[in-house]
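For the sequence shown, numbering that gives the first Met the number 0 assigns the number 0 to the initial residue and increments by one for each residue that follows.
The beta-carbon is built from N, C-alpha and C at its ideal position, and this holds for glycine as well.
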Amino acid sequence: MSKKQQGLADKDMVIRALKDSFVKLAPKTQAKNPVMMLVYISAIMTTILFFLSLGGIQDAPAGFTLGIAVILWFTVLFANFAEAIAEGRGKAQADALRSARKDVEAHKIPSAEERDVIVKVSSADLKKGDIVVVYAGEQIPADGEVIDGAASVDESAITGESAPVIRESGGDRSAVTGGTTVISDWLVIRVTSEPGESFLDKMIAMVEGASRKKTPNEIALQILLIAFSIIFVLVTMSLYTYSVFSAKQAGIANPTSVTSLVALLVCLAPTTIGALLSAIGIAGMSRLNQANVLAMSGRAIEAAGDVDVLMLDKTGTITLGNRQACEFIPVDGNTQEKLADAAQLASLADETPEGRSVVVLAKEEFNIRGRHMQDMNMTFVPFTAATRMSGVDYDGNEIRKGAADAVKQYVTDKGGIYSEECDEVVQRISRQGGTPLVVAKNHKIMGVIYLKDIIKQGVKEKFADLRKMGIKTIMITGDNPMTAAAIAAEAGVDDFLAEATPESKLAFIREFQSQGHLVAMTGDGTNDAPALAQADVAVAMNSGTQAAKEAGNMVDLDSSPTKLIDIVRIGKQLLMTRGSLTTFSIANDLAKYFAIIPALFMGLYPGLAALNIMHLESASSAIFSAIIYNALIIVALIPLALKGVKYREVPAGKLLSRNLLVYGLGGIAAPFLAIKLIDMIITGIGLV
Numbered sequence: 000m001s002k003k004q005q006g007l008a009d010k011d012m013v014i015r016a017l018k019d020s021f022v023k024l025a026p027k028t029q030a031k032n033p034v035m036m037l038v039y040i041s042a043i044m045t046t047i048l049f050f051l052s053l054g055g056i057q058d059a060p061a062g063f064t065l066g067i068a069v070i071l072w073f074t075v076l077f078a079n080f081a082e083a084i085a086e087g088r089g090k091a092q093a094d095a096l097r098s099a100r101k102d103v104e105a106h107k108i109p110s111a112e113e114r115d116v117i118v119k120v121s122s123a124d125l126k127k128g129d130i131v132v133v134y135a136g137e138q139i140p141a142d143g144e145v146i147d148g149a150a151s152v153d154e155s156a157i158t159g160e161s162a163p164v165i166r167e168s169g170g171d172r173s174a175v176t177g178g179t180t181v182i183s184d185w186l187v188i189r190v191t192s193e194p195g196e197s198f199l200d201k202m203i204a205m206v207e208g209a210s211r212k213k214t215p216n217e218i219a220l221q222i223l224l225i226a227f228s229i230i231f232v233l234v235t236m237s238l239y240t241y242s243v244f245s246a247k248q249a250g251i252a253n254p255t256s257v258t259s260l261v262a263l264l265v266c267l268a269p270t271t272i273g274a275l276l277s278a279i280g281i282a283g284m285s286r287l288n289q290a291n292v293l294a295m296s297g298r299a300i301e302a303a304g305d306v307d308v309l310m311l312d313k314t315g316t317i318t319l320g321n322r323q324a325c326e327f328i329p330v331d332g333n334t335q336e337k338l339a340d341a342a343q344l345a346s347l348a349d350e351t352p353e354g355r356s357v358v359v360l361a362k363e364e365f366n367i368r369g370r371h372m373q374d375m376n377m378t379f380v381p382f383t384a385a386t387r388m389s390g391v392d393y394d395g396n397e398i399r400k401g402a403a404d405a406v407k408q409y410v411t412d413k414g415g416i417y418s419e420e421c422d423e424v425v426q427r428i429s430r431q432g433g434t435p436l437v438v439a440k441n442h443k444i445m446g447v448i449y450l451k452d453i454i455k456q457g458v459k460e461k462f463a464d465l466r467k468m469g470i471k472t473i474m475i476t477g478d479n480p481m482t483a484a485a486i487a488a489e490a491g492v493d494d495f496l497a498e499a500t501p502e503s504k505l506a507f508i509r510e511f512q513s514q515g516h517l518v519a520m521t522g523d524g525t526n527d528a529p530a531l532a533q534a535d536v537a538v539a540m541n542s543g544t545q546a547a548k549e550a551g552n553m554v555d556l557d558s559s560p561t562k563l564i565d566i567v568r569i570g571k572q573l574l575m576t577r578g579s580l581t582t583f584s585i586a587n588d589l590a591k592y593f594a595i596i597p598a599l600f601m602g603l604y605p606g607l608a609a610l611n612i613m614h615l616e617s618a619s620s621a622i623f624s625a626i627i628y629n630a631l632i633i634v635a636l637i638p639l640a641l642k643g644v645k646y647r648e649v650p651a652g653k654l655l656s657r658n659l660l661v662y663g664l665g666g667i668a669a670p671f672l673a674i675k676l677i678d679m680i681i682t683g684i685g686l687v
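Here's what the structure looks like:
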């Protein structure tokens, strides 16, 4: 789903949508949308009435009946077009994905240790549990998990991003996707999917809508629309029988034709939202796909719109993920420059982001440049989990930097002193949410390096926006409570879970759910799987383990933890769009009532002319104007249904008030203006 693929020419999609609009005229397809099925039946009925009028059985003038029939057929086609154009981007994405899915030659092996015993098979013949080896330049033949090796993998066929990613055995970066390409080294992969059930197959099915099912909210709204339609059918039938009775009582011919009543029925039924309902849901899923997120169901997107608790990992989401050296704090009479010099020497061979930041800070603050390591006879001491220190030995000197307790033990064992001043600095940095690295030279403490988790720019403002919407943000971190509290305060989150474990995450989610909250979270590791399975919206990273991806109901192809905030916005936008257009559609009916009811019954009750507040020219022009507007408004609202109502981070009450004002009053006012304009046009050119 590359950006280039997403940007396929609109012309191609429009042409495809136009063709699909006629294909969707099949009765079986129309039956899936009961409201538009009513319009479909009405179009068939008026078409039959037209042919009967040609044969002498006249319900209304043949030209009038033909005009109504044609407009009703266009109404059905416009509704089909709305759905087809929404599906168009998904089909274009599916076509691009199909081009990435192809059978390739796979190198099947008995086990990871027997890489030389290769049996060449087609990727289509691979089954779950098979083991394959993939070398540089070869395409990964199936979804799987790396059990040996490490390599750079080009995933652009899936994610659209050209930068390669590292996939390796063990840890949380072991999952690989069929259709991606190894560009360096080699991988031994255990296949984790059966033929036809790969991640790519699921993506294709989802983006083209083949496996899209109506969500609970869609079903509920559709039931409401059907109920309205049934009511209007009964009202229309009653009006017909009443008009026949009234005409007989008055001793005049019945001026109300079946064709006119069918037009009334279509105008009063909620056809606008009925025509756009499916397109709104498909477009919402398409917007999620454009964000490189694959939703396993429409229900997950809707749940994202209702989420009121967000659980976010600290690292990579709230902070940049790499601690940075921000200050040298000398103790015991040392100077900042001497501390910086020693810290830089100890960090020259440290390739971690933290180590590089120490070197950079020393250069920036004291202009301490690179050394000739060969001249100083340097021997670097690497960091280990056992010592929790690193450093350098040179010309009889020893420099060590590391965790405070580790350096304390190292110094005191050598007869040195760990002063209270140093301990106070360490405690102060910890209280501020930082990480203290103590530096010692020749068994004497020189000072402390202040490593700080850098809060991402703009996240505090994002959390403030979410708070306005009533969404609670919770930071999840493995840090101790003191550090977690400091970072949470700086980032502006509402709460935090420190020293998080799989069990504590799961319990935390269940606690909120028991209080009636909907919870969203992200994860990428096997240890995240239980919590992901429990969360209402669970976004698994594509780079994560197979267990995490299977537990989630969404997969982020970019593997960006911050994507969760965007997902919630897309979900809320989907709900806002559906609600706004439903409000607009129902409000529309009021204006159509004032257009058609007086036109139909003024012959029987001249007093109804007072309700002709739009001063429409005639009964025929009023009916034509209303039903033309009813068809054209579907086309006019297609861009809004596809793009979605603009998202605003405001409280739900204000959002509801604004939408009622814009789409409620707008839905009442727009038809009055449009129907009057159409009446003037068709009367002016002599169509009626």
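Nearest-angstrom Cα separation, counted from L603 out to A249: Numbered from its first residue, the sequence shown carries residue 249 at position 250. Numbered from its first residue, the sequence shown carries residue 603 at position 604. Cα to Cα, A249 sits roughly 8 Å from L603.
CB contact flag (K400, S418, <8 Å): Sequence index remark: in the sequence shown, residue 400 carries index 401 (1-based). Sequence index remark: in the sequence shown, residue 418 carries index 419 (1-based). Result no, Cβ atoms of K400 and S418 do not sit closer than 8 Å.
Same chain, Cβ closer than 7 Å to L263, neighbours up to 5 away in sequence not counted: For the purposes of this step, residue 263 is taken as residue 264 along the sequence shown, with counting starting at 1. Excluding residues within five positions, the ones whose Cβ falls inside 7 Å are T235, I595 and L599.
For E104 and Q545, the rounded distance between their alpha carbons: As a first step, residue 545 must be located in the sequence shown, where it is residue number 546. As a first step, residue 104 must be located in the sequence shown, where it is residue number 105. Rounded to the nearest angstrom, the two C-alpha atoms are 23 Å apart.
Residue closest to I47, alpha-carbon to alpha-carbon, out of P33, T64 and L37: By 1-based counting over the sequence shown, the position of residue 47 is 48. For I47, the nearest C-alpha among the options comes from T64.
Residues that M540 bridges to, as DSSP identifies them: Numbered from 1 along the sequence shown, position 541 holds the residue referred to as residue 540. BP columns for M540 point to D555.
Best match in A618, D557 and N526 for proximity to V164 [C-alpha to C-alpha]: Position 165 of the sequence shown, counted from the first residue, corresponds to residue 164. Closest option to V164, Cα to Cα, is D557.
Exposure of I684, with buried meaning 16 or more beta-carbon neighbours within 10 Å: As a working mapping, residue 684 is identified with position 685 in the sequence shown. By the 10 Å Cβ count, I684 comes out exposed.
Close Cβ partners of G6 (< 7 Å) along its chain, the five nearest in sequence each way excluded: The residue you call residue 6 lines up with position 7 of the sequence shown. Bear in mind that a pLDDT of 40 at G6, under 50, signals an unreliable position, so the number given afterwards is only what the model happens to contain. Same-chain partners within the cutoff: there are none.
Where Q5 falls: helix, strand or coil (DSSP): The residue labelled residue 5 in the question sits at position 6 within the sequence shown. Any answer about Q5 is weak, because its pLDDT of 41 lies below 50 and its placement is not dependable; what the coordinates show is given next. Looking at Q5 - three-state DSSP - the assignment turns out to be helix.
Beta carbon of V330 nearer than 8 Å to that of V424: Numbered from its first residue, the sequence shown carries residue 330 at position 331. Numbered from its first residue, the sequence shown carries residue 424 at position 425. Yes. Within cutoff.
The stretch 506 to 524 / the stretch 330 to 349 touching (three or more Cβ pairs under 8 Å): no
Rounded C-alpha distance that separates S173 from Q426: Residue 173 sits at position 174 when you count from the first residue of the sequence shown. Residue 426 sits at position 427 when you count from the first residue of the sequence shown. Between S173 and Q426, the C-alpha separation is close to 38 Å.
Beta strand (DSSP E) segment containing N396, residue limits: Taking the first residue of the sequence shown as position 1, residue 396 is located at position 397. Looking at the DSSP string, the run of the beta strand (DSSP E) that includes N396 is N396 to G401.
Per-residue burial, R286 [other beta carbons within 10 Å of its own, 16 or more giving buried]: Residue mapping note: residue 286 aligns to position 287 of the sequence shown, counting from 1. Looking at its Cβ environment, which holds 16 or more other Cβ atoms inside 10 Å, R286 is buried.
Contacts around A586, its chain only, beta-carbon distance under 6 Å, and the 5 residues preceding and following it disregarded: Residue 586 sits at position 587 when you count from the first residue of the sequence shown. Within the same chain, A586 has close Cβ partners G663, G666 and I667.
Reference V518, options V492, A484, K471 and T561, closest by Cα: The residue you call residue 518 lines up with position 519 of the sequence shown. Among V492, A484, K471 and T561, the Cα nearest to that of V518 is on K471.
Pairwise C-alpha distance: S584 and L223: Locating residue 223 in the sequence shown gives position 224, counting from the first residue. Locating residue 584 in the sequence shown gives position 585, counting from the first residue. Cα to Cα, the separation comes out at about 13 Å.
Three CB pairs or more closer than 8 Å across the stretch 301 to 308 and the stretch 627 to 641: no
V190 in three-state terms, based on DSSP: The residue given as residue 190 occupies position 191 in the sequence shown. The answer is strand: DSSP assigns V190 an E or B state.
Between the CA atoms of S20 and A149 - distance to the nearest angstrom: Indexing the sequence shown from 1 puts residue 149 at position 150. Indexing the sequence shown from 1 puts residue 20 at position 21. Going from the Cα of A149 to the Cα of S20 covers about 49 Å.
M553 vs I566 beta-carbon contact at 8 Å: Taking the sequence shown and counting its residues from 1, the one referred to as residue 553 is at position 554. Taking the sequence shown and counting its residues from 1, the one referred to as residue 566 is at position 567. A contact, by the Cβ cut-off of 8 Å.
8 Å contact criterion, which E167 and V145 should meet: CB distance rounded: Counting from 1 along the sequence shown, the entry for residue 167 is found at position 168. Counting from 1 along the sequence shown, the entry for residue 145 is found at position 146. Their Cβ separation, rounded to whole angstroms, is 6 Å, which keeps E167 and V145 in contact under 8 Å.
Under the three-state DSSP convention, the category K675 falls into: Locating residue 675 in the sequence shown gives position 676, where the first residue counts as 1. Helix.
Which listed residue (I188, T176 and V152) has its alpha carbon closest to that of G169: Along the sequence shown, read from residue 1 onward, the residue named residue 169 stands at position 170. Of the candidates I188, T176 and V152, the one whose C-alpha sits nearest the C-alpha of G169 is I188.
Exposed unless 16 or more other CB atoms sit within 10 angstroms - verdict on H614: As a working mapping, residue 614 is identified with position 615 in the sequence shown. Flag for H614 reads exposed.
Buried or exposed (CB count within 10 angstroms, at least 16 for buried), D394: Locating residue 394 in the sequence shown gives position 395, counting from the first residue. With fewer than 16 Cβ atoms within 10 Å of its Cβ, D394 is classed as exposed.
Beta carbon of V34 nearer than 8 Å to that of T270: Locating residue 34 in the sequence shown gives position 35, counting from the first residue. Locating residue 270 in the sequence shown gives position 271, counting from the first residue. Contact: yes.
Coarse secondary structure for A105, derived from DSSP in three states: Position 106 of the sequence shown, counted from the first residue, corresponds to residue 105. Looking at A105 - three-state DSSP - the assignment turns out to be strand.
As assigned by DSSP and simplified to three states, the class of G515: Counting from 1 along the sequence shown, the entry for residue 515 is found at position 516. In this structure, G515 counts as coil in the three-state DSSP scheme.
Cβ contact check for the stretch 174 to 187 and the stretch 125 to 135: 3 or more pairs under 8 Å: yes
For L641 and V357, the rounded distance between their alpha carbons: As a first step, residue 357 must be located in the sequence shown, where it is residue number 358. As a first step, residue 641 must be located in the sequence shown, where it is residue number 642. Their Cα atoms are separated by approximately 50 Å.
8 Å contact criterion, which G477 and D452 should meet: CB distance rounded: Your numbering for residue 477 matches position 478 in the sequence shown. Your numbering for residue 452 matches position 453 in the sequence shown. No, G477 and D452 are not in contact; Cβ-Cβ is about 12 Å, not under 8 Å.
S210 to D555 span [Cα, whole Å]: As a first step, residue 210 is located in the sequence shown; it is residue number 211 there, counting from the start. As a first step, residue 555 is located in the sequence shown; it is residue number 556 there, counting from the start. Bear in mind that a pLDDT of 47 at S210, under 50, signals an unreliable position, so the number given afterwards is only what the model happens to contain. Their Cα atoms are separated by approximately 19 Å.
A150 in three-state terms, based on DSSP: Here residue 150 refers to the residue found at position 151 when the sequence shown is read from its first residue. Note: A150 maps to strand in three-state DSSP.
Opening and closing residue of the beta strand (DSSP E) in which S121 lies: As a working mapping, residue 121 is identified with position 122 in the sequence shown. Note, S121: beta strand (DSSP E), V118 to S121.
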